[in-house]
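The opening position of the sequence shown corresponds to residue 275 in our numbering, with each subsequent residue numbered one higher.
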Amino acid sequence: MSMFQFVPLAAMLSIITATILRGIAIRQRTGDRPLAFLSATGVQRVAGLSFAICTILLICASVIAATQDLPKLASPAAILAVAGALLVIIAQVQMGRAWRIGVREGDAPLFVSHGLFRFSRNPIFVGMMLVGMAAAMASGLWWAWAAFAAFIVSCAVQVRIEERHLEASFGQAYRDFRARVPRWFGFGSGK
Numbered sequence: 275m276s277m278f279q280f281v282p283l284a285a286m287l288s289i290i291t292a293t294i295l296r297g298i299a300i301r302q303r304t305g306d307r308p309l310a311f312l313s314a315t316g317v318q319r320v321a322g323l324s325f326a327i328c329t330i331l332l333i334c335a336s337v338i339a340a341t342q343d344l345p346k347l348a349s350p351a352a353i354l355a356v357a358g359a360l361l362v363i364i365a366q367v368q369m370g371r372a373w374r375i376g377v378r379e380g381d382a383p384l385f386v387s388h389g390l391f392r393f394s395r396n397p398i399f400v401g402m403m404l405v406g407m408a409a410a411m412a413s414g415l416w417w418a419w420a421a422f423a424a425f426i427v428s429c430a431v432q433v434r435i436e437e438r439h440l441e442a443s444f445g446q447a448y449r450d451f452r453a454r455v456p457r458w459f460g461f462g463s464g465k
């Protein structure tokens with residue numbers, strides 16, 4: 275067993291911890307309720323539920339990778355997991371008060387265009403996808419890869435919901451930002 279096989283699990287747990295702490299801090303500092311998924315309806319509720327189920331499956335795959343002697347790519351998975359976790363945590367901090375999980379009507383204090391958001395409109399989602407990929411790689415399990423694929427679809431659906439919300443809230447300023455900054459890192463710009 276290699277110490278690297280524990281890294282995807284540690285990365286997932288660090289993201290979950292950082293997310294919980296970030297939510298508590300925003301609530302205490304501003305009174306805002308950043309967990310918009312809790313009141314989501316329609317497609318956003320389905321995306322959120324799919325996101326949660328896939329996350330649980332990827333955490334299970336990470337636990338299996340950490341505790342079983344499975345064929346795995348421990349070092350590359352560890353690098354992806356650390357890079358992904360750092361992206362998520364740094365981007366959450368850089369979002370400041372704008373940080374939310376999901377969107378709700380009338381709830382857009384600002385959109386962020388500094389830090390990692392100069393290079394990607396969605397560095398948090400990119401980071402989470404990297405950690406999800408690391409979990410699937412480390413475990414080598416078919417169902418972990420299936421969960422990762424569904425996770426990507428859930429993220430893509432949520433990103434489009436958030437983009438519509440930001441455009442409706444900020445108009446031309448957001449359209450200008452969208453035209454200059456790619457959806458992901460280096461690709462997916464524009465619509």
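We put the beta carbon where it would ideally sit given N, CA and C, even for glycine.
| query | result |
| --- | --- |
| V320, enclosing alpha helix (DSSP H) - first and last residue | G316 to T341 |
| Range covered by the alpha helix (DSSP H) that runs through L309 | No alpha helix (DSSP H) contains L309, which DSSP labels as neither H nor E. |
| Alpha helix (DSSP H) runs contained entirely in the segment 375–423, provided each spans 4 or more residues | 397–413 |
| Selection from R301, W417, G389 and W373 that minimises the alpha carbon distance to I327 | W417 |
| Spatial neighbours of L390 in its chain, beta-carbon cut-off 8 Å, leaving aside the 5 residues before and after | L361, I364, A365, Q368 and P397 |
| Top-ranked residue by Cα proximity to A420, from M407, A447 and L283 | M407 |
| Burial state of M277, where buried means 16 or more other Cβ atoms lie within 10 Å | exposed |
| Alpha helix (DSSP H) segment containing P282, residue limits | V281 to T304 |
| Outcome for Q432 when other beta-carbon atoms lying within 10 angstroms are tallied against a minimum of 16 | buried |
| Run of the alpha helix (DSSP H) containing R457, from where it starts to where it stops | Looking at the DSSP string, R457 is not in any alpha helix (DSSP H), and its letter there is neither H nor E. |
| Anticipated Cβ contact below 8 Å, A335 with A409, distance rounded | 5 Å |
| Environment of F393 [buried if 16+ CB atoms lie within 10 Å] | exposed |
| Cβ shell of S428 (< 7 Å), same chain only, five flanking positions each side left out | A321, S324, F325 and C328 |
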